[in-house]
Amino acid sequence: MSRFAPILPELILSIGATILMMVAAFTGRRGSSLVSWLSVAVLLAATAALVGAPSHAGPVFDGLIAADLFASFGKAVMFPAAAVAIIAAHGWFERDHEHSSEYAVLILFAAAGMSVMVSATSLISLYVGLELNSLASYVLAAYRRRDDRSAEAGLKYFVLGALASGILLYGISLLYGFTGTTNFTGIAAAFARGAPSLGLLFGLVFLLAGLAFKISAVPFHMWTPDVYEGAPTPVTAFFASAPKVAAVLLSTRVCLDALAPATDAWRQIMIFAALASIFLGAIAAYGQTNIKRLLAYSSINNVGFVLIGVAGAGAVGASSVLFYMAVYVPMTLGAFLCVLWMRDKDGEPVEDIYSLSGLSQTRPAFAAAIGVFMFSLAGIPPFFGFWAKLVVFNAAVKAGLLPLAVAGIVGTVVGAYYYLKIVKVMYMDEPAEPYSRAHEPVQGALILLSALAVSPLGYLLIGTLQSLSDNAAASMF
Amino acid sequence: MSGLPLLTILIALPLVAGALCLFVKANAARWIALVATMIELALSAYLWVQFDPNGAQWQFVESQPLGGGIGWKLGIDGIALVLIALTAFLMPICIGASWRAIEKRVPEYMAFFLLMEALIMGSFTAQDLFLFYIFFEGGLIPMYLIIGIWGGAEKIKASYKFFLYTLLGSVLMLIAMLYMRSVAGTTDIPALMAYDFPKEAQTFLFLAFLASFAVKLPMWPVHTWLPDAHVQAPTAGSVILAGVLLKLGGYGFVRFSLPMFPDGSAQFVPLMFVLSGMAVVYTSLVALVQTDMKKLIAYSSVAHMGFVTFGLFAMNRQGIDGAIMVMLGHGLVSGALFLCVGVVYDRLHTREIARYGGLSDNMPGYALLFMVFTMASVGLPGTSNFIGEFLSLVGTYKASTWAAIVGTSGIILGAAYMLWLYWRICFGTQRHADAAAMPDLLAREWWLLAPIALAVFWMGLYPESFLKPIRNDVGRLMVRLERVAPAGDSRQTPGSAVAREEAH
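Top to bottom, those sequences are chains A and B.
Quick note, this note's numbering runs 4 ahead of the 1-based positions in the first sequence.
Quick note, this note's numbering runs 177 ahead of the 1-based positions in the second sequence.
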């Protein structure tokens, strides 16, 4: 039994998901509420299991996964985020008579996949985790199957995702062929033996390209705006938070563990992807009037910043990535929870940003919350998102990548424009037709909680968060 | 020191009052804001009394580490003290100026103003590099909203320009701060003020900080956001922008650039003199042709900030004393001038100079006070600006004769545009019936302008009150700069030549 102790969270998730799938199948729509809350409970139980699990167990199952603090940190961020995505959807799918119980189950399966992703220390477990997460995600994107946009989003995501998986697998096979192992330690040893051969380099590039798709870094970001716009909003909230954390942490582990001796080889790729994501994410968002598309570009932009931390490399870089993601998740979830509350008189969702006009006069607290998330996403002090950006820039400066830090920070100014636009629409324009009031205290409490977390009060947590992410990063080396 | 964390209270009080404003009706919000800012004024007066000019450099020190490389560290020296006093003095006046002029969304307006006061106080008291940055940059948000919500016709453009321009300037400073932390291993401002960075690094650090402070001050040629922001902002917004926010740029030079990068600063003295000279002469000429009152005063602000940079980069005692005095004097006088514009704007709703004329007939009280502030702006002896401009030009003269000649020409040009403005508004014939029918100052407006006039004369007649707290701090700065200060082309040899002749 003790052999399975390190994967207790994964066990809870998979068994819970399987049982709940049965419950969902037999109770149908009647059981949707029950299944949702039970799924939240399963996710919270998995989070709680992190505390008890020997998180310093190191490599288990012949080095397929590592149950270290790095993985635990990621799980501690992802599981609650997934739970929030379930709570956010509560009541969302009922209105068009879709089954909503499978939604929560799919999220559980995705969470299990993500959990394997952040622990993976072998190319095989990496791929299995990634695919488990992706397959659940494709279905989630197409969840409102009678809605054209949702179906299109699902199809697009699937086709492009399959292509990316193919590229990833090709890279994996090259790496396996040239190193003779799928284990990260073995691959690192192969790279450490002098200058990497052409085959290894090709493997590295294909692997990173496949991962770049999953984290929607430029130039593999094209699916993001369409999928974010088309997918049902709770699903979009989910995509922007937990799976993003998993993919970013996975890429971090691949780069800083398996490919650590080849830092010079992948660093230029990361720098390009980081700057391209920051600038494209910022500039392409200018013309968007759909809030979900805009937030999609915002997530591309944010991934750029986190890649600056990855490029920083070493324990400082890994720690900055963890810190950034821990702050990014409440910001982005909070923003999407607010989007979920944008509904017209009949309760139909509205996605046009001009429907926010004058919100500060009709719903001051709601507007203030969105304002907090926007300023925080833009990285304007005193909001906490600023400190997350500072931490990744610090990693770049420490690694001697001053030009990257300067270019990245100029990108924050470019990006600030469209976040400011939302604030401008809410605070400076004449009031538009007011939204219908949501009577959802749990969602309201979650918005309040995430707004407080990214408000200047977040600085009270700064010491704890920093030491947690430092320890987690150190556990990987 | 007393046990109370006075500086934390100084920052927290307006925050609490601001939050309170959001939950009450317009009139209650006005009173809350007024009372809170008056308490702030009393508090800063108490600080002034308690401050020991001959004591330690940093007083009222508080320190509470937060971990993660930032600490809640506060403390003030004399330079911060006088600027805090200026802020606390202008704030109740701003609230008073908005009493009737702001009619829509009053609670939010008052909340943003109080938030701004808290952030400004934080910038002047912060002793941690990143804490300073947070306060310094955070000030953009309330100002952005104040201009954007309560501004004039082109408020949106002006608010964006203000925000993005100053943000772009500041982000480079952040990278420089990260570099400083990784080299020096501390973010403690007093420690960094004594730290010697490698010479070649100082060049880049200076330039990165210059990018931020030059935009904030603003210096020519990055001043272009200022006229827009001033013209569109509501009166009180302009007062606080000109009176205090611009001073953050000058404060930044005194607190960071000069003591932390003396070699870097010395290297760029010629550049700073050229930019200051351009500011003084060019923007004065631009001010001369303005037809909008607020724009004219906005350009005059840029010109006056030229004296600040002249004085600072002369790197001698007179220059730096003078620069700080110009900051204080200009804070009072430009604030008062914007209020004077606001007084007539509230009556006629236009800032066109040509729409006024002969106001001394129907508004004698207004004409009197406007005259006082015009003269102060020109730098008439006996007023605050004379002390500052004179000292800073003396300092400049010691460093460079040519720079002093260019700088002094700015005083003449200043007299030209200010006196001409005054003449066009208050003297001459009354061409417009509506302007001629305007009533004189109300009691509320007297209460706003008279205290500033008194302060202007106080500074002009007994500047020792203001020089005393900063004397030792400027002295400490001089020690830092001694090695690198420009030699000067007109170094006097005081007394010795005469003495020898007498001996013959």
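All C-beta atoms in this analysis are idealised placements derived from N, C-alpha and C, irrespective of residue type, glycine included.
Computed from a predicted structure; not experimentally measured.
query = Buried or exposed: where does P447 of chain B fall if 16 or more other Cβ atoms within 10 Å of its Cβ makes it buried?
reply = Translated into the one-based positions of the second sequence, residue 447 of chain B becomes position 270. Exposed.
*Starting from S255 of chain A and walking both ways along the alpha helix (DSSP H), at which residues does that stretch end?*
As a first step, residue 255 of chain A is located in the first sequence; it is residue number 251 there, counting from the start. Element bounds for S255 of chain A: 246-257.
- Does the Cβ of F438 of chain B have 16 or more other Cβ atoms within 10 Å, making it buried, or fewer, making it exposed? Taking the first residue of the second sequence as 1, we reach residue 438 of chain B at position 261. F438 of chain B comes out buried.
Exercise. By the 10 Å Cβ neighbour count, where 16 or more other Cβ atoms means buried, how is P269 of chain B classified, buried or exposed?
Worked result: Counted from its first residue, the second sequence places residue 269 of chain B at position 92. So P269 of chain B counts as buried.
| said: Suppose you measure from the CA of Q272 of chain A to the CA of A315 of chain A; what does that come to, to the nearest Å? | reply: Taking the first sequence and counting its residues from 1, one reaches residue 272 of chain A at position 268. Taking the first sequence and counting its residues from 1, one reaches residue 315 of chain A at position 311. One C-alpha to the other measures close to 8 Å.
Check: Using DSSP with H/G/I as helix, E/B as strand and the rest coil, what is S477 of chain B?
Finding: Locating residue 477 of chain B in the second sequence gives position 300, where the first residue counts as 1. Of the three classes helix, strand and coil, the one that applies to S477 of chain B here is helix, per DSSP.
Mapping the DSSP letters down to three states, classify R7 of chain A as helix, strand or coil.
Working through the first sequence from its first residue, we reach residue 7 of chain A at position 3. In this structure, R7 of chain A counts as helix in the three-state DSSP scheme.
Rounded C-alpha distance that separates F210 of chain A from S255 of chain A
Sequence index remark: in the first sequence, residue 210 of chain A carries index 206 (1-based). Sequence index remark: in the first sequence, residue 255 of chain A carries index 251 (1-based). Distance between the alpha carbons of F210 of chain A and S255 of chain A: 13 Å.
Contact with chain A by Y356 of chain B, beta-carbon distance below 7 Å:
If you number the second sequence from 1, residue 356 of chain B lands on position 179. Output row for Y356 of chain B: interface = yes.
Using a beta-carbon distance cut-off of less than 9 Å, what residues from the stretch 331-346 of chain B approach chain D?
Here chain D cannot be found, since the structure's protein chains are A and B.
Got a sec: is the Cβ-Cβ distance from A369 of chain A to anything in chain B below 7 Å? On the first sequence, residue 369 of chain A is found 365 positions in, with the first residue counted as 1. Not an interface residue.
Q. Name the chain B residues that come within less than 9 Å of N398 of chain A, Cβ to Cβ?
A. As a position in the first sequence, residue 398 of chain A is number 394, starting the count at 1. Per Cβ cutoff of 9 Å: G246, L355, R358, S359.
From L1 of chain A to D373 of chain B, what does the alpha carbon distance come to, in whole angstroms? No information on residue 1 of chain A is available, as it lies outside the stretch 5 to 481 that chain A covers here.
Does the stretch 357-373 of chain B touch the stretch 238-250 of chain B, meaning 3 or more C-beta pairs lie closer than 8 Å?
yes
query = CB-CB under 6 Å to A257 of chain B, same chain, minus the five flanking residues each way: which ones, in chain order?
reply = As a first step, residue 257 of chain B must be located in the second sequence, where it is residue number 80. Same-chain partners within the cutoff: F301.
* Asked: Which chain B residues are close to S323 of chain A, counting only those with a beta carbon under 7 Å from its beta carbon?
  -> Counting from 1 along the first sequence, the entry for residue 323 of chain A is found at position 319. Correct list: empty, because the minimum Cβ distance to chain B is about 11 Å.
Candidates A:E352, A:M432, A:L469, A:L465, of which the one nearest V489 of chain A by Cα:
Residue 489 of chain A falls outside the range modelled here, since chain A spans only 5 to 481, and no answer is possible.
- Once you ignore the five residues that flank L349 of chain B on each side, which residues in its own chain have a CB closer than 6 Å to its CB? Here the question's residue 349 of chain B lines up with position 172 in the second sequence. The answer, listed in chain order, is A385, A388.
**Report entry** From B:G565, B:A581, B:G512, B:V656, residue whose alpha carbon lies closest to that of L546 of chain B
**Finding:** Indexing the second sequence from 1 puts residue 546 of chain B at position 369. Minimum Cα distance to L546 of chain B is reached at B:G512.
Quick one: list the residues of chain B neighbouring Y431 of chain A, beta-carbon separation under 7 Å, in chain order. Numbered from its first residue, the first sequence carries residue 431 of chain A at position 427. Chain B residues near Y431 of chain A: L322, G325, I326.
By Cβ distance below 8 Å, which residues in the same chain neighbour V431 of chain B in space, the five residues on each side in sequence not counted? The count along the second sequence starts at 1 and reaches residue 431 of chain B at position 254. Taken in chain order, the residues that qualify are I256, L489, I497, A500, I501, L654.
**Asked** Between D617 of chain B and Y543 of chain B, which are expected to be in contact by the criterion C-beta below 8 Å, what is the C-beta distance as a whole number of angstroms?
**Response** Along the second sequence, read from residue 1 onward, the residue named residue 617 of chain B stands at position 440. Along the second sequence, read from residue 1 onward, the residue named residue 543 of chain B stands at position 366. That belief holds up - the Cβ atoms of D617 of chain B and Y543 of chain B are roughly 6 Å apart, short of 8 Å.
#### Entry: Residue range of the unbroken alpha helix (DSSP H) whose run includes V661 of chain B
Taking the second sequence and counting its residues from 1, the one referred to as residue 661 of chain B is at position 484. No alpha helix (DSSP H) holds V661 of chain B; DSSP gives it neither H nor E.
### Query
With 7 Å set as the bound, which would you pick, yes or no: does the beta-carbon of P385 of chain A sit closer than that to a beta-carbon of chain B?
Within the first sequence, numbered from 1, the residue matching residue 385 of chain A stands at position 381. So yes, P385 of chain A belongs to the interface.
*So is V401 of chain A in contact with chain B if we call contact Cβ pairs under 7 Å?*
Along the first sequence, read from residue 1 onward, the residue named residue 401 of chain A stands at position 397. True, the Cβ-Cβ gap to chain B drops below 7 Å.
Go ahead and label K202 of chain B buried or exposed: buried means 16 or more other beta carbons lie within 10 angstroms of its beta carbon, across all protein chains shown. The count along the second sequence starts at 1 and reaches residue 202 of chain B at position 25. Classification for K202 of chain B: exposed.
Margin query: Is it buried or exposed, E622 of chain B, if we count other Cβ atoms within 10 angstroms and call 16 or more buried?
Written below: On the second sequence, residue 622 of chain B is found 445 positions in, with the first residue counted as 1. By the neighbour-count rule (16 or more Cβ atoms within 10 Å), E622 of chain B is buried.
| said: Buried or exposed, going by whether 16 or more other CB atoms sit within 10 Å of the CB of P191 of chain B? | reply: Residue mapping note: residue 191 of chain B aligns to position 14 of the second sequence, counting from 1. With 16 or more Cβ atoms within 10 Å of its Cβ, P191 of chain B is classed as buried.
Of all Cβ atoms in chain B, is any one closer than 7 Å to the Cβ of V417 of chain A?
Looking up residue 417 of chain A in the first sequence gives position 413. Chain B contact via Cβ: present.
Buried/exposed call for A21 of chain A, threshold 16 Cβ in 10 Å: Counting from one through the first sequence, the residue named residue 21 of chain A turns up at place 17. Under this definition A21 of chain A is a buried residue.
(request) Grab me the residues of A269 of chain A's own chain with a C-beta within less than 7 Å of its C-beta, minus the 5 sequence neighbours each way, in chain order. (result) Sequence index remark: in the first sequence, residue 269 of chain A carries index 265 (1-based). Counting only Cβ-Cβ distances below 7 Å, and skipping sequence neighbours, we find P200, L205, L208.
Q: Just tell me which of A:A246, A:L450, A:D151 has its CA closest to the CA of E233 of chain A.
A: Position 229 of the first sequence, counted from the start, is the residue given in the question as residue 233 of chain A. For the residues A:A246, A:L450, A:D151, the minimum Cα distance to E233 of chain A belongs to A:D151.
| Are the stretch 444-463 of chain A and the stretch 335-344 of chain A touching by the rule of at least three beta carbon pairs closer than 8 Å? | yes
Self-check item: DSSP-derived helix/strand/coil call for S440 of chain A
Solution: Within the first sequence, the letter at position 436 stands for residue 440 of chain A. Coil at S440 of chain A, not helix or strand.
Report the rounded CA-to-CA distance for V283 of chain B versus P628 of chain B, giving the unit in angstroms. On the second sequence, position 106 is the one that residue 283 of chain B refers to. On the second sequence, position 451 is the one that residue 628 of chain B refers to. Answer to the nearest angstrom: the Cα atoms are 25 Å apart.
Are the stretch 371-390 of chain A and the stretch 416-433 of chain A in contact at 8 Å, needing three or more beta carbon pairs?
yes
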